[in-house]
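All residue numbers for the sequence shown refer to the numbering used here, where the first residue is 8 and numbers rise by one. We treat Cβ as the ideally placed atom computed from N, Cα and C, and that holds for glycine. Model, not experiment: these values are computed from the prediction.
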Amino acid sequence: MTAYLNALGLICALGRDKQEVARNLFAGDCSGVRVETGWVPGRALPVAAVRGELVALPCELSDQHSRNNQLLMEATLQIAEPIRQAIATYGRERIGVVLGTSTSGIDEASRGIASYLRDQAFPADYDYRQQELGAPASFLADWLQLDGPAYVISTACTSSARALMSAQRLLDLGLCDAVLCGGVDSLCKLTLNGFSSLEAVSEQRCNPFSVNRNGINIGEAAVLFLMTRQPGEAHSIALLGSGASCDAYHISAPEPAGKGATQAMTKALRQAGLQPGQIAYLNLHGTATQHNDAMESLAVAGLFPGDLPCSSTKPMTGHTLGAAGALEAAFCWLSLSAENPQGALPPHIWDGQPDPALPALHWAGPQDRLDPTTPRRLMSNSFAFGGNNVSLIIGDAP
């Protein structure tokens, strides 16, 4: 069954709505990644933060306050009218919520625990529910008064890609008529210090697939799709295929030959009924760590033609962890949408110094355009700790 992606709300370092994000994405704007202190002791690190004040949660939901939920609320408000129409059409009990996150309200919980250790009392605004991984879905269902299934998937950096897969299953099984799906993660000291302890965080803008690559930047984002069985009124974009694998090679390192990544990409192609040569663009996971980029380049070069335009968008957004899968699927959506009349592709931003140990890929640049005369199918890869791999194919709806 076709899963139509009929509306998109998003907020990240590239902008605070889809028009601003699209404009900056296709321009290759990296200005949202800025060096900050205070996250990791003794280090000044580039982070991709959302700038400015965020919308306040309704007073009646103040016990669910977190930056995560504020980001999610901003993304949701962008598609308030399509959500209202879906509620009127299907009823609140037929609309589900499936989100991915890895941080939830951990930052608020950390500050609460620090206060307790210092003062022997939690702050007045502390609530343990802030830190539960299911909090974003609970908040969204409570705020919108939805009665369908509502849950969160937390599989590290594949979380929100898996959320889109799970949302499609709810439609296929007839459990929902519409699903709000995507992901949200916010900057917090726990993740920045955790990746720093793994020696995986760069002190410069990340440099994916370069011989000089030396680690990730971390960012934050919220992304929300309205997925239904029915096409929207305008040009229809759909989730055409998805594939997942778990090679369980190592708790944090990817399987070196890319076997699990290849399996996920192959499954997605099979589900979509496509051959590798029918993919027009590939958004790479592309974290700029030594092992991930090596593994992914091997997997991609072994499966796809050498002229397939590829790029990693993380130099523009940072790695948004649990939100990354949905965010980069959203970049594929924007590439197909009215926000991109020229058919541009997200450019690959790096220092132009290839690693001679890696197979060469075709890096997307200004010369690359989507062909409007043929069906356009784009793939997005997400890989996570534990060998957890997901590939999504977003394209013109059949």
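Local Cβ density within 10 Å of residue i, reported as buried at 16 or more and exposed below that
| i | result |
| --- | --- |
| H355 | buried |
| N219 | exposed |
| L182 | exposed |
| Y11 | buried |
| V230 | buried |
| S38 | exposed |
| A95 | exposed |
| S69 | exposed |
| E60 | exposed |
| Y133 | buried |
| A63 | exposed |
| P53 | buried |
| V42 | exposed |
| P373 | exposed |
| T327 | buried |
| I102 | buried |
| T380 | exposed |
| A268 | buried |
| G359 | exposed |
| R91 | exposed |
| R23 | buried |
| A82 | buried |
| E88 | exposed |
| P348 | exposed |
| Q77 | buried |
| P130 | exposed |
| M8 | exposed |
| L276 | buried |
Residues sharing a beta bridge with residue i, DSSP
| i | result |
| --- | --- |
| N388 | S398 |
| T235 | Y11, A185 |
| S252 | N396 |
| L106 | V159, G189 |
| W370 | C317 |
| I223 | V208 |
| Y288 | L385 |
| E43 | L52 |
| A228 | C19, D192 |
| S217 | P361 |
| H326 | I225 |
| D149 | None; D149 has no bridge partner. |
| L246 | A10, I401 |
| A351 | R376 |
Integer Cβ distance of residue i from residue j, believed to fall under 8 Å
| i | j | result |
| --- | --- | --- |
| C317 | A351 | That belief does not hold up - the Cβ atoms of C317 and A351 are roughly 15 Å apart, past 8 Å. |
| S304 | L368 | 6 Å |
| M234 | Q175 | 7 Å |
| C213 | N290 | Actually they are not in contact, since the Cβ atoms of C213 and N290 sit about 15 Å apart, beyond 8 Å. |
| S209 | D362 | At roughly 15 Å, the Cβ-Cβ gap does not stay under 8 Å, so S209 and D362 are not in contact. |
| A301 | L246 | A301 to L246, Cβ: 29 Å. No contact. |
| A255 | G393 | 6 Å |
| P215 | S342 | 18 Å between Cβ atoms; not a contact. |
| Q137 | Q71 | 7 Å |
| L15 | I86 | 7 Å |
| G35 | A333 | Actually they are not in contact, since the Cβ atoms of G35 and A333 sit about 21 Å apart, beyond 8 Å. |
C-beta contact flag for residue i and residue j at 7 Å
| i | j | result |
| --- | --- | --- |
| P261 | H298 | yes |
| V287 | R376 | It should be noted that the sequence gives Ala, not Val, for residue 287. Cβ atoms of A287 and R376: not closer than 7 Å. |
| Y123 | A144 | no |
| H292 | S389 | yes |
| C66 | A228 | no |
| A148 | V105 | no |
| I258 | L197 | no |
| L17 | A337 | yes |
| G226 | A29 | no |
| D184 | R99 | no |
| S73 | E27 | no |
| C195 | A391 | no |
| P312 | G280 | no |
| A142 | S111 | yes |
| L21 | N31 | yes |
| T324 | G222 | no |
| S117 | S166 | no |
| R236 | L199 | no |
| A404 | P238 | yes |
| S387 | E346 | no |
| V40 | N224 | yes |
Spell out a yes or no on whether the region 201-208 and the region 178-193 are touching, meaning 3 or more CB-CB pairs, one atom from each, closer than 8 Å.
Contact between the region 201-208 and the region 178-193 is absent, because fewer than three Cβ pairs lie under 8 Å.
Give a yes or no on contact between the region 244-251 and the region 395-403, applying the rule of three or more CB pairs nearer than 8 Å.
Remark: three or more beta-carbon pairs, one from each stretch, lie closer than 8 Å, so the region 244-251 and the region 395-403 are flagged as touching.
Please confirm if the region 33-48 is in contact with the region 265-273, defined as three or more CB-CB distances below 8 Å between the two stretches.
Cβ pair count under 8 Å is below three, so no.
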